[in-house]
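Same order as they appear, the protein sequences are chains F and X. When we follow UniProt numbering, the leftmost residue of the first sequence carries the number 1, and every step to the right adds one. When we follow UniProt numbering, the leftmost residue of the second sequence carries the number 1, and every step to the right adds one. The block underneath contains the structure these notes are about, expressed in structure tokens.
Protein chains: 2
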Amino acid sequence: MKQAEGGLRERKKLQTRAALTEAALRLALEKGPDNVTVDEIAEAADVSVRTFFNYFPHKEHAILGRNPAHLERALELIRTAPDEQSPLTTMWMIVHDVLQELLSEGSLTRRGELIMTSPSLLFHLMLSSMDDERQLSEALTERIGDPLRAKLIVTSAGTACRVAVELHKTTPDSAPGDLVDAAFQLLAQGIDPDYQKGQV
Amino acid sequence: MKQAEGGLRERKKLQTRAALTEAALRLALEKGPDNVTVDEIAEAADVSVRTFFNYFPHKEHAILGRNPAHLERALELIRTAPDEQSPLTTMWMIVHDVLQELLSEGSLTRRGELIMTSPSLLFHLMLSSMDDERQLSEALTERIGDPLRAKLIVTSAGTACRVAVELHKTTPDSAPGDLVDAAFQLLAQGIDPDYQKGQV
DNA sequence: TAATAGTTTGCAGTAGGTGCAAGAATCTGC
DNA sequence: GCAGATTCTTGCACCTACTGCAAACTATTA
């Protein structure tokens, strides 16, 4: 029978994975994300290159070090949200849930800024976000019925974060959290009340 | 002195570029976008692999065959929009401008569906869209002042298109154009009037 | 037609990424 | 604590994407 959680094997895998993400992030910060090779990361984590690719499909995944638990929690938040809570409010809570953790472990600033400097990283982040998005949309559709609106709410929440981070780079005086809040507010109430379709 | 436009050299470059995108798209459709190699594309277009990379930085760019003229026209539309036209309305016109051309040349369905099947293609598209987005946001900020709102409007328009295409795949009975319109409408008026920030 | 400027190409090299099979480590039932 | 099954690691051979360089070629210009 398979040993559940506490096995040595399990722990070693977690260790290896942690060592790889740690090394990847550190080296990426030191040398710039595009100047790190998989060879270096593997060597720093003391495993073979081949093993690296057993853990991550792409170099970028190691640097991003995505936490699968975040998606789980987000889905849970959507499923257990009280009826009276509006959908975008739920999304706001999800965003802040993740944001809080990233801030508390101090990896947001390091990793976040890194991501914004590298198109390739950003790209892979978005790529892996696509699947999350799909799952979140499905969960939200389950709740509110309208699939178009559900998808728009989920993707808009994502866009709000991205826009906030980008804008924060050009105007560092405004806090990212405030920008996220402002973006959510705009999206909720409408980004253009004067819109008129079909003035062709 | 440099010959302006009609030179043989100029025409040959256009020809080569066209041959490459044509071959890339055709092969991608035949064999699936991830099973095409640059070798094949180059051979089909009767040029060397090295020449391929003189024209496109990535394989995906050839398949996407992005038309630089689209961005130019979009920027022009933003700059010359009448004062009374609301910003999202302008974005709607841009979207339909491109849509119309893609439909008329018949490449939307072929290329569009292809793109949606390949994460790699999708993300090269988004990646190159990021730069477009930046330029469009700047132009729109110029016009309406508020950079956050401008960025949100531009990115939301992009998201609307993406969501519409995705949704069209699962519910093919609704036309993509209608879905785009519905998405724009929702975004304009607000995706969640009951949103309340900070119910933590 | 000769000089010039721009294009194509082959070649050599770096790096990401995968399949396979052998060997090492862990886990299981006894 | 041991034998056998399971799982992980690793080296190796291989494919593909992509870049820099210098030589060969071709259109343009005077």
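Just so it is clear, CB atoms sit at the ideal spot from N, CA and C, and this is done for glycine as well. These numbers come from a predicted model, not from an experiment.
- Item | Closer than 8 Å at the beta carbon, the chain X residues around PHE184/F | Start at 1 with the first residue of the first sequence, and residue 184/F comes out as number 184. Taking a Cβ-Cβ threshold of 8 Å, the residues of chain X close to PHE184/F are TYR195, LYS197, in chain order.
- Could you check the C-alpha separation between SER128/F and ASN54/X for me, to the nearest Å? Counted from its first residue, the first sequence places residue 128/F at position 128. Counted from its first residue, the second sequence places residue 54/X at position 54. In this model, SER128/F and ASN54/X are separated by some 30 Å (Cα to Cα).
- Query: Do we get a CB-CB distance below 9 Å when we pair ILE63/F with the residues of chain X?
  - Reply: Here residue 63/F corresponds to residue number 63 of the first sequence, with the count starting at 1. No, no contact with chain X.
- Note down, in chain order, all residues in the segment 160-173 of chain X with a beta-carbon under 9 Å from any beta-carbon belonging to chain F. Flagged, chain order: ALA160, ARG162, VAL163, ALA164, GLU166, LEU167, THR170, THR171.
- Query: Between the beta-carbon of ALA28/F and the beta-carbon of ASP46/F, is there less than 9 Å?
  - Reply: Translated into positions along the first sequence, residue 28/F becomes position 28. Translated into positions along the first sequence, residue 46/F becomes position 46. Against a cut-off of 9 Å, the Cβ pair of ASP46/F and ALA28/F comes out as no contact.
- List the endpoints of the continuous alpha helix (DSSP H) containing ILE63/F. Counting from one through the first sequence, the residue named residue 63/F turns up at place 63. Where ILE63/F is concerned, the enclosing alpha helix (DSSP H) stretches over 59-64.
- Task: Reducing DSSP to helix, strand and coil, say where TYR55/F ends up.
- Result: Taking the first residue of the first sequence as 1, we reach residue 55/F at position 55. Three-state result, TYR55/F: helix.
- Query: Does ILE78/F come within less than 9 Å of chain X when only Cβ atoms are used?
  - Reply: The residue labelled residue 78/F in the question sits at position 78 within the first sequence. Not one beta carbon of chain X lies nearer than 9 Å to the beta carbon of ILE78/F.
- Item | Inter-residue Cα distance where the pair is LYS12/X and THR37/X | One-based indexing of the second sequence puts residue 12/X at position 12. One-based indexing of the second sequence puts residue 37/X at position 37. One C-alpha to the other measures close to 24 Å.
- Under 8 Å Cβ to Cβ from LEU114/X, same chain only, skipping five residues before and after it: list those, please. Taking the second sequence and counting its residues from 1, one reaches residue 114/X at position 114. Answer for LEU114/X: LEU25, ALA28, LEU29, PRO33, ILE63, LEU121, listed in chain order.
- Message: Could you check whether THR159/F and LEU152/X sit closer than 9 Å to each other, using their CB atoms as the reference points?
- Response: Residue mapping note: residue 152/X aligns to position 152 of the second sequence, counting from 1. Residue mapping note: residue 159/F aligns to position 159 of the first sequence, counting from 1. Yes, they are a contact pair.
- Task: Using the Cα positions of THR171/X and CYS161/X, report the straight-line distance between them to the nearest angstrom.
- Result: Reading the second sequence from its first residue, position 171 is the one you call residue 171/X. Reading the second sequence from its first residue, position 161 is the one you call residue 161/X. Taking the straight line joining both Cα atoms gives about 15 Å.
- Could you tell me which chain F residues have their CB closer than 7 Å to the CB of ILE191/X, listed as they occur along the chain? Within the second sequence, the letter at position 191 stands for residue 191/X. Here the neighbours are LEU88, ARG149, LEU152, ILE153, SER156, LEU187, ALA188.
- Between the C-alpha atoms of THR141/X and LEU187/F, what's the straight-line distance to the nearest angstrom? For the purposes of this step, residue 141/X is identified with residue 141 of the second sequence, where counting begins at 1. For the purposes of this step, residue 187/F is identified with residue 187 of the first sequence, where counting begins at 1. About 17 Å.
- Listing by chain order, which chain F residues have their CB less than 9 Å from the CB of GLN132/X? Along the second sequence, one-based indexing puts residue 132/X at 132. First, the amino acid is wrong: residue 132/X is Asp here, not Gln. Listed along chain F, no residue sits closer than 9 Å to ASP132/X by beta-carbon distance, the nearest being about 13 Å off.
- Does the distance from the C-beta atom of GLY65/X to that of THR117/X stay below 9 Å? In the second sequence, the residue the question calls residue 65/X occupies position 65. In the second sequence, the residue the question calls residue 117/X occupies position 117. A distance of 9 Å or more separates the beta carbons of GLY65/X and THR117/X.
- Message: Under 8 Å: do the segment 69-86 of chain F and the segment 175-182 of chain X share three or more Cβ pairs, one atom per stretch?
- Response: Result no; under three Cβ-Cβ pairs closer than 8 Å.
- Which residues in the same chain have their Cβ closer than 7 Å to the Cβ of VAL95/F, if we skip the five residues on either side of it in sequence? Residue mapping note: residue 95/F aligns to position 95 of the first sequence, counting from 1. If you ignore the 5 residues before and after VAL95/F, its C-beta comes within less than 7 Å of the C-beta of ALA157, CYS161, VAL180, all in its own chain and listed in chain order.
- Message: Below 9 Å on C-beta distance, what does LEU179/F contact in chain X?
- Response: Within the first sequence, the letter at position 179 stands for residue 179/F. Ordered by position in chain X, the residues that pass the 9 Å Cβ test against LEU179/F are LEU148.
- Query: Roughly how many angstroms lie between the CA atoms of GLU10/F and PHE56/F, to the nearest whole one?
  - Reply: For the purposes of this step, residue 10/F is taken as residue 10 along the first sequence, with counting starting at 1. For the purposes of this step, residue 56/F is taken as residue 56 along the first sequence, with counting starting at 1. Those two C-alpha atoms are separated by around 17 Å.
- Message: Do GLN185/F and TYR195/X count as a contact pair if the criterion is CB distance below 9 Å?
- Response: Stepping through the second sequence from its first residue, residue 195/X is reached at position 195. Stepping through the first sequence from its first residue, residue 185/F is reached at position 185. Yes, Cβ-Cβ distance for TYR195/X and GLN185/F is below 9 Å.
- Three-state secondary structure assigned by DSSP to ILE115/F: If you number the first sequence from 1, residue 115/F lands on position 115. In this structure, ILE115/F counts as helix in the three-state DSSP scheme.
- Would you call the CB atoms of THR89/X and ASP192/F closer than 9 Å? As a working note, residue 89/X is residue 89 in the second sequence. As a working note, residue 192/F is residue 192 in the first sequence. Contact: yes.
- In chain order, what residues of the same chain have a beta carbon less than 7 Å from the beta carbon of VAL163/X, not counting five sequence neighbours either side? Mapped onto the second sequence, residue 163/X falls at position 163. Only residues of its own chain outside the window of five on either side were considered, and among them ALA183 have a CB closer than 7 Å to the CB of VAL163/X, listed in chain order.
- Separation of LEU148/X from GLU133/X, as counted between CA atoms: If you number the second sequence from 1, residue 133/X lands on position 133. If you number the second sequence from 1, residue 148/X lands on position 148. The straight-line gap from Cα to Cα measures roughly 13 Å.
- Does the separation of the CB atoms of GLY7/X and GLN189/F fall below 9 Å? Here the question's residue 7/X lines up with position 7 in the second sequence. Here the question's residue 189/F lines up with position 189 in the first sequence. Contact flag unset, no.
- What's the gap between the Cα of SER174/X and the Cα of ASP83/F? By 1-based counting over the second sequence, the position of residue 174/X is 174. By 1-based counting over the first sequence, the position of residue 83/F is 83. Distance between the alpha carbons of SER174/X and ASP83/F: 29 Å.
- Hey, VAL154/X and LEU125/X are a contact pair by Cβ (cut 8 Å); roughly how many whole angstroms apart? Residue 154/X sits at position 154 when you count from the first residue of the second sequence. Residue 125/X sits at position 125 when you count from the first residue of the second sequence. The pair is not a contact, with the Cβ atoms about 16 Å apart (cut-off 8 Å).
- Task: Note down, in chain order, each residue of its chain lying with its Cβ closer than 6 Å to the Cβ of VAL98/F, except the 5 sequence neighbours on either side.
- Result: Looking up residue 98/F in the first sequence gives position 98. Only HIS70 meet the Cβ criterion.
- Message: Going by DSSP in three states, residue 217/F sits in which element: helix, strand or coil?
- Response: Here chain F has residues from 1 to 200 only, and residue 217/F is not among them.
- Task: Could you spell out where the alpha helix (DSSP H) holding ILE153/F opens and where it closes?
- Result: Taking the first sequence and counting its residues from 1, the one referred to as residue 153/F is at position 153. Per DSSP, ILE153/F is one residue of the alpha helix (DSSP H) stretching across 147-170.
- Specify the secondary structure class of GLU22/F as computed by DSSP and reduced to three states. Looking up residue 22/F in the first sequence gives position 22. Secondary structure of GLU22/F (DSSP, three-state): helix.
- Beta carbon proximity, GLN3/F to chain X, threshold 9 Å: Translated into positions along the first sequence, residue 3/F becomes position 3. Low local confidence applies: a pLDDT of 49 at GLN3/F is under 50, so the model's placement there is unreliable, with the coordinate-based value given in what follows. With a threshold of 9 Å between beta carbons, GLN3/F makes no contact with chain X.
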